[in-house]
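S.K.: The opening position of the sequence shown corresponds to residue 160 in my numbering, with each subsequent residue numbered one higher. The beta-carbon is built from N, C-alpha and C at its ideal position, and this holds for glycine as well. Fair warning: this is a prediction, and the values are worked out from it, not measured in the lab. Before I ask anything, let me first share the structure, which is written out below as structure tokens.
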Amino acid sequence: MNTADQALVKKMNKALILEQIIANAPISRAKLSEITGLNKSTVSSQVSSLLQKEMIFETGRGESSGGRRPVMLKFNRKAGYAVGVDIGTNYMIVVLTDLEGNIIEHDERDLDEEDIPATEQALIELVGLAIEKMPPSPYGLAGIGVCVPGLVDNAQQVVFTPNKPIHLIDLKNLLEEKFNVPIFIENEANAGALGEKEYGDASHLEHAVFVSINAGIGLGILMNGKLFRGVEGFSGEAGHMSIDFNGPACRCGNKGCWELYASEKAVFSSFLSNTEAPLHQIVKELADRDDPNMLKTFETFGFYIGVGLLNIIKTLNPGTIILRNTIVESYPMIVDSIKKTISSRSAKEALTDYQLKISSLGRIASSLGVSRIVIERFLEQFMNEMV
């Protein structure tokens, strides 16, 4: 075996050991040898290297299986940190996490839908504030992940954001120049699906659809446990499927798009005409006093969501649909309306089994998802640089 082959084998062994420590900690060297099939000297050597690099650490002794109690190993989740940013049409959410996705800092800000310079300023400010809260660590800031509600291609370029021209901001270059760390860009719904898969209730799901409903509607599609992005990275733009071919024109160029009927903006716009209060506050005040117009609007919201979801069920046959919307999460009657619409518009024999779930992560699903992307890329790079 030549030197290059030996180096590759060592790298693969190290990656395998780190992977098992992350998945099974606290774990002993003997158990690592048993799980990986590597001999004890190889495990000991690679563990020593990971300890030296401060990517793992020794903790207390475990249970004895007959001899001396083994020293246990754990992943050093504080070896570095990641920032995840969700830029919505009218909001921004920023989280700072450790390498296991635990939130260290969380900040949110409402945004003007049309003010791009203010959005750019808020991005720099909130990311900077998160970084200031970052504890000391061996590797510092691993990177920044950003997700947006629109088309993001496989080269991580924001091609088009129909409900707000975020695509006018050169996010990648802006953040790289300002913070000098790796930058990763993703679609907001895709990021939400990754967040739920890694940290939420979707960890065990192989076929699921994450549906994000805000000013627009986007889908993150999990197939065989992996994110499906399509040929160019544009899959999941279901908000722009037409449910009325004679409907109103959409900013995307189509007519009668689903999100023109089922998004927050479409359904609740009449309640925002005479106030500057946040939508969720208006909805809560009216719902708490059983305002008949608001209760009727909840039914309408559920109906139009259900119409689109039925198309998704028929097209993708997912085992689970995960809904992410603050209003839906707060009012179960909307979920009842969604289910009623789906069942009433499909023959019993033709409707496949599916589960409708509410996002377990709520508003931070997408920001956690892009934080996870940063963490995965950091660990890949770490292993690639080790010999």
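(1) Using a Cβ-Cβ cutoff of less than 6 Å, which residues in the same chain neighbour E267 once the five nearest sequence positions on both sides are dropped?
(2) When the distance is taken between beta carbons, is T479 closer than 9 Å to Y513?
(3) When the Cα atoms are used, what is the spatial distance from I328 to S204?
(4) What number of angstroms, rounded off, separates the C-alpha of I380 from the C-alpha of V318?
(5) Find out if the Cβ-Cβ distance for the pair G395, C306 is shorter than 9 Å.
(6) I'd like the list of long-range same chain contacts for A350, defined as Cβ closer than 6 Å, with 5 residues on each side in sequence excluded.
(7) What are the boundary residues of the beta strand (DSSP E) that includes L157?
(8) In the structure shown, what three-state DSSP assignment does S187 receive?
(9) Smallest Cα separation from S296: which of A238, I181, L197 and I283?
(10) How far does the beta strand (DSSP E) with T456 in it reach, from first residue to last?
(11) May I ask you to report which of helix, strand or coil DSSP gives F537?
(12) Using only alpha-carbon positions, find the residue among A446, T456, A436 and E357 that is nearest to V426.
(13) At the level of alpha carbons, what is the spacing between R236 and P229?
(14) Can you find the residues in the same chain that come closer than 7 Å, C-beta to C-beta, to I402, ignoring five residues on each side of it along the sequence?
(15) In the structure shown, what three-state DSSP assignment does A238 receive?
(16) When we look at the beta-carbon of S432 and count the other beta-carbons within 10 Å, is it buried (16 or more) or exposed?
(17) Does the structure place the region 372-388 close enough to the region 337-352 that three or more beta carbon pairs sit under 8 Å?
(18) Is it right to say N373 is buried, meaning 16 or more other beta carbons lie within 10 angstroms of its own, or is it exposed?
(19) Would you kindly report the start and end of the unbroken alpha helix (DSSP H) that includes L335?
(20) Using only alpha-carbon positions, find the residue among E291, L209 and T511 that is nearest to I181.
(21) Need the endpoints of the alpha helix (DSSP H) that L445 sits in, please.
(22) Can you have a look at M231 and say buried or exposed, based on whether 16 or more other CB atoms are within 10 angstroms of its CB?
(23) May I ask you to list the residues that DSSP assigns as paired with S296?
(24) In terms of alpha-carbon separation, which member of R504, P451, Y250 and R188 lies closest to R220?
(25) Determine, using beta carbons only, whether H363 and N476 come nearer to each other than 9 Å.
(26) By the DSSP assignment, the alpha helix (DSSP H) with S502 in it spans what residues?
M.R.: With the structure as the only source:
(1) Sequence index remark: in the sequence shown, residue 267 carries index 108 (1-based). So the qualifying residues of the chain are I252.
(2) The residue you call residue 513 lines up with position 354 of the sequence shown. The residue you call residue 479 lines up with position 320 of the sequence shown. Yes; because the gap between Cβ atoms is below 9 Å, this pair is in contact.
(3) Start at 1 with the first residue of the sequence shown, and residue 328 comes out as number 169. Start at 1 with the first residue of the sequence shown, and residue 204 comes out as number 45. I328 and S204: Cα-Cα distance of roughly 47 Å.
(4) Locating residue 380 in the sequence shown gives position 221, counting from the first residue. Locating residue 318 in the sequence shown gives position 159, counting from the first residue. Between I380 and V318, the C-alpha separation is close to 20 Å.
(5) Residue 395 sits at position 236 when you count from the first residue of the sequence shown. Residue 306 sits at position 147 when you count from the first residue of the sequence shown. Contact: no.
(6) Counting from one through the sequence shown, the residue named residue 350 turns up at place 191. Same-chain partners within the cutoff: C306, S525, G528 and V529.
(7) Any property of residue 157 remains undetermined from this structure, which presents the chain solely from 160 to 546.
(8) By one-based count along the sequence shown, residue 187 stands at place 28. Reduced to three states, the DSSP call for S187 is strand.
(9) Counting from 1 along the sequence shown, the entry for residue 296 is found at position 137. Nearest option by C-alpha distance: A238.
(10) On the sequence shown, residue 456 is found 297 positions in, with the first residue counted as 1. No beta strand (DSSP E) holds T456; the alpha helix (DSSP H) holding it covers P451 to L475.
(11) For this step, residue 537 is matched to residue 378 along the sequence shown. Residue state, collapsed to three classes: helix.
(12) For the purposes of this step, residue 426 is taken as residue 267 along the sequence shown, with counting starting at 1. The residue with the shortest Cα to Cα distance from V426 is T456.
(13) For the purposes of this step, residue 236 is taken as the residue at position 77 of the sequence shown. For the purposes of this step, residue 229 is taken as the residue at position 70 of the sequence shown. R236 and P229: Cα-Cα distance of roughly 22 Å.
(14) For the purposes of this step, residue 402 is taken as residue 243 along the sequence shown, with counting starting at 1. Correct list, in chain order: G415, W417, Y420, V466 and G467.
(15) By 1-based counting over the sequence shown, the position of residue 238 is 79. Note: A238 maps to coil in three-state DSSP.
(16) Along the sequence shown, one-based indexing puts residue 432 at 273. Exposed: under 16 other Cβ atoms inside 10 Å.
(17) yes
(18) Position 214 of the sequence shown holds residue 373. That one is buried.
(19) Here residue 335 is taken as the residue at index 176 of the sequence shown, counted from 1. The question names Leu, but residue 335 in the sequence shown is Glu. L330 to F338 is the span of the alpha helix (DSSP H), which, as asked, contains E335.
(20) Within the sequence shown, the letter at position 22 stands for residue 181. Comparing Cα positions, the closest option is L209.
(21) Position 286 of the sequence shown, counted from the first residue, corresponds to residue 445. From DSSP, the alpha helix (DSSP H) with L445 extends over L438 to D447.
(22) Mapped onto the sequence shown, residue 231 falls at position 72. When all chains shown are included, M231 counts as buried.
(23) The residue you call residue 296 lines up with position 137 of the sequence shown. Looking at the DSSP assignment, S296 forms no beta bridge with any residue, so it has no partner.
(24) Against the sequence shown, residue 220 aligns to sequence position 61. Of the candidates R504, P451, Y250 and R188, the one whose C-alpha sits nearest the C-alpha of R220 is R188.
(25) The residue labelled residue 363 in the question sits at position 204 within the sequence shown. The residue labelled residue 476 in the question sits at position 317 within the sequence shown. In this structure, N476 does not lie closer than 9 Å to H363 by Cβ.
(26) To locate residue 502, count along the sequence shown from 1; it is residue 343. Note, S502: alpha helix (DSSP H), P491 to S503.
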